[in-house]
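Reading through the structure tokens given below for one structure.
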Amino acid sequence: MSFMNKYIPKEFEKKWVKEWKNKKLNVFDPDSKKKKYYVLVEWPYTSGDLHIGHWFTFTIPDVLSRYKRMNDWNVFFPMGYDAFGLPAENAAIEHKVHPQDWTMKNIATMTKQFQQMGTMIDWDWMTIACVPEYYRWNQWIFLKMYEQSLAFRGKALSNWCPSCQTVLANENIENGKCWRCGSQVIQKEVEQWFLKITEYAERLIWPDKPKASPERSRRVDWPISVRVGQNNWIGKSEGLIINFGGIEVFTTRPETIDGASFLVLSPEHPFVIKMTTKDNLNKVKKYFNQSTQKTEMERKENKDKTGVFTGSYVKNPVTGKKIPVWVADYVLFGYGTGAIMAVPAEDERDREFATKHSLPIIKTSLKAKPNGKKRSIYHLRDWSISRQRYWGTPVPMIHCPTDGIVPVPYKDLPVELPYEVDFTPHGKPPLATNEKWLNVKCPNCGKPAKRDAETLDTFFDSSWYFLRYVNPKYDRKPFDEEKVKKLTPVDVYFGGSEHTLGHTLYARFFTKFFHDEKLLNYDEFALQRVQHGVVLGPDGNRMSKSKGNVINPDDVVDEYGSDTVRLYLCFMMPYEGTSSWSTKTIAGVNRFLTRVWEIYQKQNQKSKIKNQKEDEKLVIKLKKTIKKVTEDIGNIKMNTAIAAMMEFLNEWERNPQELSKENAKKFLQILSPFAPFLTEEIWHSVFGEKNSIHLSTWPKVEGEIIEEEVTIPVQVNGKLRDTIKIQNSKVKSQKEVEKLALNSEKIKKYLTGKPKKIIYVPGKIINLII
RNA sequence: ACCGGGGUGGCGAAACGGCAUACGCGUAUGGUUUAGGACCAUAUGGGGUAAAACCCGUGGAGGUUCAAGUCCUCUCCCCGGUACCA
């Protein structure tokens, strides 16, 4: 063994990174005649150091991409950064670094680290959100949406710090208090920009059966959990709007109206003041103030079933009885009409409320047919997109004292984000602190006016970046329609399940908008969606610096090499899974690669032997392994693909010489998407190949794999009692199998006579019922 | 509270309704080694036995089926999301 080369990945991994770059191995050719395959991974946020989670998220798509390339697809696997957002601004406030400098530095660091992974990402297509060349098109899209009345000014409850006079992100609230000044945060109606996603609600609902994608035979096939999740989030309810003495309520169960024994208004409902009698006024006002201190979730939970009586009554339009009008914050103003009829006999929450406040519970006939207007309402709300923050796309609008809100003309785009601002202003957004930037002339009347000083939600950036990727330098429109036609839709979109209700829904909405604007000829941007899980720290907790359980990819790469880290991440769990990092298991995976290395070194020494005899069984095992790995990669089940290769190696090691060169190369090829460095090195040094293994053609298994002998389990009354072996040619004959089963000594013990019934599943199992 | 996803050996996990625990880790014993490590071999769900036989086993309770981790009903526990973190 001593004369053999040892597996030392450091000796060749860096070499191949350079070599592949020089040979332009991973350069994507958009004009290739091959069929395109667009692999998209959610662009990562520029948080700083590369996390082992990034490796996990990207390695599996990379394995798929490499596999697809070896199967003659023109694989497009671009990359970019989600670079706007709150953490950059938090860094600015806490550490006095400018968000732009912080972000750009992070991008440089992360890119360097990413390139170590050995992915086939072509970095020339890189797109980042925080540069004017990108965000000017956010502004362009915003203006188009404004023209279609899809972008509009509205009001919504927001987290409000009364002392800082500003809206707060959920993240910046600690135990209901502002993170900076410690004041109690309240819920306040704030005017802001919205996108009318509700106009697309109906079209965003997934059909029961996946629909065919236009111009392609492939179907849009998203996981059922995502489709159901989004549909529930859109939450369409069909029902009636019924008038109770001027108050409109929405109900999905109009037939229960004769059991409606009281009405409940949300505290913000405009009728509350009107309905409240003098002696109840103080009580109701106090209740309103209490409600502003609760988050929406606290309100929905409504643990204490709080509420107050207004002092007024309205007539139940069906029974004619007077029923009391109450105010309670478990009724939300933003949903339905902000008022409900309470039917405690039928509804759990209403019953609890009625019990708590001693309100009548009246049986319903379930036959009532009240008058009302049919209406569909949605749980989905319009998307609030303006943020009172700095690090984002400036809203391309101008506020003019004479002309009101005026859009920035297209020719004046981009509205560039100014560098100099105060990040901790009071009572106004950061952008408003730069007077030079803020003050402009009205494009309409030319008189002094002010820019809109708010920025767009970062989800705006990520709703269309996958279209920008196809030509990031295009300067006439957000995306190059010709290239988009050729390279999109996305074939498979990898990302986190936390984006089910946000990002992916918004991206679908944008796609439908572009379709309506005739910029796209399809209305679903990704044919397939795959959601990944989480790599936890070795202690089973989410990795965090404060817990000290963070695995730094650089360290493990240094210890084992990139291939081992990649292989371990593929092997540790299914892509959708969540489990903890194990320093022991990765050593085992490294052991596997070492054994692979060594068995090929032995091949090298014996390769001069002619007329090599192959072991038939081993060749069959190899064929089965190729088949299994091929299927598993296609189904993104990398962990079982690796298990199959491990099984094969275990067999092969028993007879290392009994596989031909040709077959030995095939095994190397199916391992290559997982361990691109080691396989490339062996491909060249052992087999003397001149071209890259990654451009070789994936091995095919022709025809059926036929084994001589098949093992069939024999059950008696459903319990396994023996197994029999039978020649493959006879396996289809139930008589032959029965004969063998009934002759087994082990089985005979259980038989008292002839079995009552025999069930034989050909090639699988035989069950004797006695 | 609501919506989605999960509970399988000591651990990470496999299993088109058809041999539960593949593959890997860990552990034990043996080999190799000056020693340790590394490596190699064998064993490894629990009970039971000299060894077998056999019995019990996929969070819990029922059900469907020749056959259930897998399908159905109820239930307990854990994770993610709930709209300004990305």
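In my numbering, each residue carries its 1-based index in the first sequence increased by 1053. A virtual CB, placed ideally from N, CA and C, is assigned to each residue, including glycine.
- Message: Let me check you understand the geometry: is the CB of ARG1122 closer than 6 Å to at least one non-hydrogen atom of the ligand NAP?
- Response: Absence of the ligand NAP is noted for the structure shown, with no ligands found whatsoever.
- Counted within 10 angstroms of its Cβ, other Cβ atoms place THR1309 as buried (16 or more) or exposed: One-based indexing of the first sequence puts residue 1309 at position 256. Under this definition THR1309 is a buried residue.
- Message: I need the boundaries of the beta strand (DSSP E) containing LEU1491, first residue and last residue.
- Response: As a working mapping, residue 1491 is identified with position 438 in the first sequence. Secondary structure note for LEU1491: it is in no beta strand (DSSP E), and the uninterrupted alpha helix (DSSP H) holding it is 1488 to 1491.
- Item | 8 Å contact criterion, which GLY1549 and GLN1584 should meet: CB distance rounded | Along the first sequence, one-based indexing puts residue 1549 at 496. Along the first sequence, one-based indexing puts residue 1584 at 531. Rounded, the Cβ-Cβ distance is 6 Å, consistent with contact.
- Task: Report back the beta-carbon spacing between THR1511 and ASP1135 to the nearest angstrom; my notes put them in contact at under 8 Å.
- Result: Within the first sequence, numbered from 1, the residue matching residue 1511 stands at position 458. Within the first sequence, numbered from 1, the residue matching residue 1135 stands at position 82. Under the criterion of beta carbons closer than 8 Å, THR1511 and ASP1135 qualify as touching, at roughly 7 Å.
- Query: How about ASP1382 and ARG1352: are their beta carbons less than 7 Å apart?
  - Reply: If you number the first sequence from 1, residue 1382 lands on position 329. If you number the first sequence from 1, residue 1352 lands on position 299. Contact annotation: ASP1382 and ARG1352 have beta-carbon atoms nearer than 7 Å.
- Query: So what's ARG1504 in DSSP terms, helix, strand or just coil?
  - Reply: By one-based count along the first sequence, residue 1504 stands at place 451. In the structure shown, the three-state DSSP call for ARG1504 is strand.
- Hey, ASN1296 and PRO1370 are a contact pair by Cβ (cut 8 Å); roughly how many whole angstroms apart? To locate residue 1296, count along the first sequence from 1; it is residue 243. To locate residue 1370, count along the first sequence from 1; it is residue 317. ASN1296 to PRO1370, Cβ: 7 Å. Contact.
- Query: If you draw a straight line from the alpha carbon of ALA1265 to that of THR1541, how long is it in whole angstroms?
  - Reply: Mapped onto the first sequence, residue 1265 falls at position 212. Mapped onto the first sequence, residue 1541 falls at position 488. Per-residue confidence for ALA1265 stands at a pLDDT of 49, beneath the threshold of 50, marking its modelled position as unreliable; no derived number is given.
- Item | Given ARG1233 as reference, the closest of CYS1217, GLU1242, TYR1653 and PHE1247 once Cα atoms are compared | Here residue 1233 refers to the residue found at position 180 of the first sequence. Nearest neighbour of ARG1233 by Cα position, chosen from CYS1217, GLU1242, TYR1653 and PHE1247, turns out to be CYS1217.
- Item | MET1450 - DSSP class collapsed to helix/strand/coil | Residue numbering aside, residue 1450 sits at position 397 when the first sequence is read from its first letter. Here MET1450 carries a strand assignment [DSSP, helix/strand/coil].
- Task: Kindly give me the distance between the Cβ atoms of ALA1392 and SER1319, rounded to whole angstroms, as I take these residues to be in contact under 8 Å.
- Result: If you number the first sequence from 1, residue 1392 lands on position 339. If you number the first sequence from 1, residue 1319 lands on position 266. That belief holds up - the Cβ atoms of ALA1392 and SER1319 are roughly 7 Å apart, short of 8 Å.
- Query: Which of the three DSSP states, helix, strand or coil, is assigned to GLY1630?
  - Reply: Indexing the first sequence from 1 puts residue 1630 at position 577. DSSP places GLY1630 in coil when its eight states are reduced to three.
- Taking only the alpha-carbon atoms, compute the straight-line gap between LEU1834 and SER1437 and give it to the nearest angstrom. Nothing about residue 1834 can be read from this structure; the chain reaches only from 1054 to 1823.
- If you draw a straight line from the C-alpha of TYR1443 to the C-alpha of GLY1425, how long is it? One-based indexing of the first sequence puts residue 1443 at position 390. One-based indexing of the first sequence puts residue 1425 at position 372. Between TYR1443 and GLY1425, the C-alpha separation is close to 47 Å.
- Query: Under a three-way DSSP split, which group does GLU1577 fall into?
  - Reply: Mapped onto the first sequence, residue 1577 falls at position 524. In the structure shown, GLU1577 sits in coil (DSSP, three-state: anything other than H, G, I, E or B).
- Task: Determine, using beta carbons only, whether ILE1686 and PHE1624 come nearer to each other than 7 Å.
- Result: Here residue 1686 refers to the residue found at position 633 of the first sequence. Here residue 1624 refers to the residue found at position 571 of the first sequence. Judged by beta-carbon spacing, PHE1624 lies beyond the 7 Å limit of ILE1686, meaning their Cβ atoms are not closer than that value.
- Message: Beta-carbon within less than 8 Å of ILE1113's beta-carbon, same chain only, minus the 5 sequence neighbours each way: which residues are those?
- Response: Here residue 1113 refers to the residue found at position 60 when the first sequence is read from its first residue. Within the same chain, and ignoring the five residues on either side of ILE1113 in sequence, the residues whose Cβ sits closer than 8 Å to its Cβ are PHE1547, HIS1585, LEU1622, CYS1623, TYR1628, ILE1689 and MET1691.
- Just grab the DSSP bridge partners of TRP1705 for me. Taking the first residue of the first sequence as position 1, residue 1705 is located at position 652. In the DSSP assignment, no residue is bridged to TRP1705.
- Query: Once you ignore the five residues that flank ARG1774 on each side, which residues in its own chain have a CB closer than 7 Å to its CB?
  - Reply: Translated into the one-based positions of the first sequence, residue 1774 becomes position 721. VAL1767, GLN1768, LYS1799, ILE1800 and TYR1803, listed in sequence order.
- Query: Hey, would you say LEU1675 sits closer than 7 Å to ASN1703, going by beta carbons?
  - Reply: Counting from 1 along the first sequence, the entry for residue 1675 is found at position 622. Counting from 1 along the first sequence, the entry for residue 1703 is found at position 650. No Cβ-Cβ contact shorter than 7 Å links LEU1675 with ASN1703.
- Task: Mind checking who PHE1315 pairs with in its DSSP beta bridge?
- Result: In the first sequence, residue 1315 corresponds to position 262, counting from 1. In DSSP, PHE1315 forms a bridge with ALA1395.
- Starting from ILE1295, follow the alpha helix (DSSP H) in both directions and report where the run begins and ends. Mapped onto the first sequence, residue 1295 falls at position 242. First-last for ILE1295: 1289 to 1297, but that is the beta strand (DSSP E), not the alpha helix (DSSP H).
- Do the stretch 1181 to 1188 and the stretch 1132 to 1148 meet, that is, are 3 or more Cβ pairs less than 8 Å apart? With a cut-off of 8 Å, the stretch 1132 to 1148 and the stretch 1181 to 1188 count as touching, because enough Cβ pairs lie within range.
- Query: Does the beta-carbon of ARG1561 have 16 or more other beta-carbons within 10 angstroms, so that it is buried, or is it exposed?
  - Reply: Working through the first sequence from its first residue, we reach residue 1561 at position 508. ARG1561 counts as buried, since at least 16 other C-beta atoms from the protein chains shown sit within 10 angstroms of its C-beta.
- If we count the other Cβ atoms within 10 Å of its Cβ and call it buried at 16 or more, is ARG1440 buried or exposed? Position 387 of the first sequence, counted from the start, is the residue given in the question as residue 1440. Looking at its Cβ environment, which holds 16 or more other Cβ atoms inside 10 Å, ARG1440 is buried.
- Looking at the unbroken alpha helix (DSSP H) that takes in CYS1623, where does it start and where does it end? In the first sequence, counting from the first residue as 1, residue 1623 sits at position 570. Its alpha helix (DSSP H) spans residues 1615 to 1624.
- Message: Helix, strand or coil for ASN1643? Go by DSSP, reduced to three states.
- Response: Residue mapping note: residue 1643 aligns to position 590 of the first sequence, counting from 1. ASN1643: helix per DSSP, three-state reduction.
- Message: By DSSP's criteria, VAL1537 is part of a beta bridge. Which residues make up the other side?
- Response: As a position in the first sequence, residue 1537 is number 484, starting the count at 1. According to DSSP, VAL1537 bridges with nothing at all.
- Message: I need the straight-line Cα distance from ASP1569 to LYS1197, nearest angstrom please.
- Response: Position 516 of the first sequence holds residue 1569. Position 144 of the first sequence holds residue 1197. Each residue's CA atom was taken as its position, placing ASP1569 and LYS1197 some 11 Å apart.
- Message: According to DSSP, simplified to helix, strand and coil, what is ASN1127?
- Response: Taking the first sequence and counting its residues from 1, one reaches residue 1127 at position 74. It is a strand residue.
- Task: Decide if the stretch 1729 to 1740 is in contact with the stretch 1637 to 1654; the criterion is three or more beta carbon pairs, one per stretch, under 8 Å apart.
- Result: Two segments are said to touch when three or more pairs of C-beta atoms, one from each, lie closer than 8 Å; by this definition the stretch 1729 to 1740 touches the stretch 1637 to 1654.
- If you compare alpha carbons, which of VAL1448, VAL1618 and LYS1088 is closest to ARG1189? Locating residue 1189 in the first sequence gives position 136, counting from the first residue. From the listed residues VAL1448, VAL1618 and LYS1088, the smallest Cα separation to ARG1189 is found for VAL1448.
- Around the C-beta of TYR1472, are 16 or more other C-beta atoms found within 10 angstroms, so that it is buried, or is it exposed? Numbered from 1 along the first sequence, position 419 holds the residue referred to as residue 1472. TYR1472 counts as exposed, since fewer than 16 other beta carbons sit within 10 angstroms of its beta carbon.
- Taking C-alpha atoms, which residue in ILE1226, ILE1823 and ILE1758 lies nearest to GLY1235? Here the question's residue 1235 lines up with position 182 in the first sequence. Answer by Cα proximity: ILE1226.
- Counting pairs of beta carbons, one from the stretch 1489 to 1503 and one from the stretch 1451 to 1462, are three or more of them closer than 8 Å? Put simply, the stretch 1489 to 1503 touches the stretch 1451 to 1462. At least three CB pairs are less than 8 Å apart.
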